[in-house]
Each structure stands twice: as structure tokens, then as C-alpha cells.
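Undergrad: Each residue of the sequence shown is one higher than the one before, counting from 71 in the working numbering. Even glycine gets a Cβ: it sits at the ideal position worked out from N, Cα and C. Let me give you the structure first, and then I'll get to my questions.
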Amino acid sequence: MPRFVWVLCLFLAATVCAAQDNSPLLLQKPALSRTQIIFVYAGDLWSVPREGGDAKRLTTGAGVETDPMFSPDGTQIAFTGEYDGNVDVFVMPAEGGFPKRLTYHPGDDIAVGWTPDGKQVLFRSARNSFSYFDRLFTAPVHGGFPAELPLPMAQQGSFSPDGSRIAYVPIAQWQQAWKRYRGGQTTPIWIATLSSGRIEKIPRDNSNDFNPMWVGDKIYFLSDRDGPVTLFSYDMRSKEAKKELENRGLDLKSASAAPYAIVYEQFGSLHLYDLNSGTTKQVNVRIAGDLLEIRDHFVNVGKRLQNAH
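Here's what the structure looks like:
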């Protein structure tokens, strides 16, 4: 067969594959409820049905809205926003609506999760730290002062179903883009009993463990302990860690748990992992909006020119 025909066949095959999946990439930090997925795209929050489909834009602020977190009943979203020129924690209805500001400290306040009763939002801040290390706080949804958790430092956290314990990451990922980093700043996951301060550590061999998600008697988390970052679980009864999802591709970047499933981000696309069957499927998302970043526009580049020929 002539070489030209081979090239033409390959081109047509690639075109067909591309047409079968035209979902946009750069979908980040998904959050999952029983019926919805909320994710970050182009600096705003978007909502899509759990099975995929047309996405609805929820925020249009001039700043960045990120870190969406569903309340336990799925009716509200906590997120990090820049509505007033500062990085603070906000809540809004899951279907969209007016964002309510919960924090007012001049430093950055980052949404992390919810308390199991849905009355308070968990967030991190360096407001009370003697160094740059963050700590975890809770902010009442209906007004009041934030309260600090009895942990000397923490970045991410997920409460046990009864709220008596929390699985948390004590330190920040030093360099997230450094694959297979095994230096002195790898990130463990610890389990703290809040009443006594007792600490239990999820076993690891200096791996990068992060994004804890407490579901029933298990703590799901992301880790690079066996190659590319993928999904693991830690059984609170057997005290054993287990790989839940085989991954021979690119790292999983973030994940969120809800009843019966976990949504995760990989290479800018969203995937749903079924906790009962152990199967995974891609969530196809269609986005339409007046995205100014990709619209043709003029830019004054005079100050950027170094020389001309």
C-alpha cells in the first residue's frame, strides 16, 4: 500500500478518535455530591450532572474562585474566592446564587472541607502561626468567629463521620511538580483524635500522601507510593493500606468523595470511580461561555520588546 494511503488512514483514525471525545481539558479540583460535580475552569466554578453533560457556570467574579467543597447534604458549596480583593472562604447554594463571605482575615484563608453536621466550614490559614505553616480552623456557616483546631500545623483535612477525629496532612507539598520526590518534605497523612491529641499515622515509606477523604471506616487518599499518583485507601479496622485504582498513566491531581463514588482529576479531565464495583469512567463535559481569555483581542506589547530586526 502506498505511503500516502497509510498516512491518510492514520489521519482519519485520529480525527475519528478526537471527534468521539471533544471534552475540554484543564478541568480542575472537582467536588462530588449525589447528583452533581462542581469543578474549576478558567478561574470560575462550574456545575455538571454527575453523569456528565452541559456545564453551568456558577461564578463570574473578577478574581479566581477555586477549591469547591460540597456540604454533607449537597445543598451548599464552600469555596475559596477573591470577590473583595482578598483570598477568603465563601459559601453559596449548590445550584448557584449569592456568595456569602465567612472569613475576613487579611491573610489567605483556603477552603478545605466541612464538619460532618454541615454547620461549619473547615479552612486553613496562617493567621495564628509564628511561621509560614498553616493551621486548620472552622467557620460557622450562619455567622460567628472561626475556631482553631488543636493541631500545630495542617494543610488538608477530612473529619471522621462522627467528627471526633480528623485525617490530615500536616505539611504542604514542597514541590508538587517534582515527580517521585523522596526528600525530607514528603507529605504524610496523620489521624488525630481531637479530644486527646492522640496521633495515628498511615503507614508509608516516605511517599507523598495527600488529599484524605474519610468515607465510613476507610480513609481514601492520593499517593505516589507505587509509581504515578493514584487512589489508595486505609482501613481503620485492619490498619492496612490498599491500592484502589491501577494507574500507569499521568498523576491524579485531586479527588473528592461522595456516596458510592470518588471523582478525580487526571490530565485536566474528570473521572468517576465507583466504590462498589471498582470501575472507572470518564465524565464528558461540554462547556459554553464568553471566555474572554480565548477571545481574539489586542495587547500592547511595546514594553515587552527587547530588540527588533
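Helix or strand or just coil, what does DSSP make of G372?
TA: Here G372 sits in helix by DSSP.
Undergrad: In whole angstroms, what is the alpha-carbon distance linking W244 and Q255?
TA: Those two C-alpha atoms are separated by around 6 Å.
Undergrad: In the structure shown, what three-state DSSP assignment does K189 receive?
TA: Coil, per DSSP.
Undergrad: Is there contact between the stretch 200-215 and the stretch 171-183, where contact requires at least three CB pairs shorter than 8 Å?
TA: Yes, since at least three Cβ pairs between the stretch 200-215 and the stretch 171-183 fall closer than 8 Å, the two stretches touch.
Undergrad: Please go through the same chain and pick out, in chain order, the residues whose beta-carbon is closer than 7 Å to the beta-carbon of K271, but skip the five residues on each side of it.
TA: If we look at K271 and ignore the five residues flanking it on each side, its Cβ neighbours are P258 and W260.
Undergrad: What does DSSP give as the partner residues of E270 in its beta bridges?
TA: Answer by DSSP bridge pairing, in chain order: I261.
Undergrad: Applying the 10 Å Cβ sphere with the 16-neighbour rule, what's the burial state of D137?
TA: That one is buried.
Undergrad: Check whether the stretch 262-277 touches the stretch 216-235, counting contact only when three or more Cβ pairs, one atom from each stretch, lie closer than 8 Å.
TA: Output reads yes: the stretch 216-235 touches the stretch 262-277.
Undergrad: Sort T130, G167, G155 and R104 by Cα distance to F140 and report the nearest one.
TA: Here the closest residue by C-alpha is R104.
Undergrad: Starting from V285, follow its DSSP beta bridges and name the residues at the other end.
TA: Partner(s): K288.
Undergrad: With a cut-off of 8 Å, does the C-beta of A196 fall near any C-beta of chain C?
TA: Annotation note: the requested chain C is absent from the structure, which comprises a single protein chain.
Undergrad: How many Å lie between G155 and G177 at the Cα?
TA: For G155 and G177, the distance between alpha carbons rounds to 11 Å.
Undergrad: Helix, strand or coil: which one does DSSP assign to V299?
TA: The answer is coil: DSSP assigns V299 none of H, G, I, E or B.
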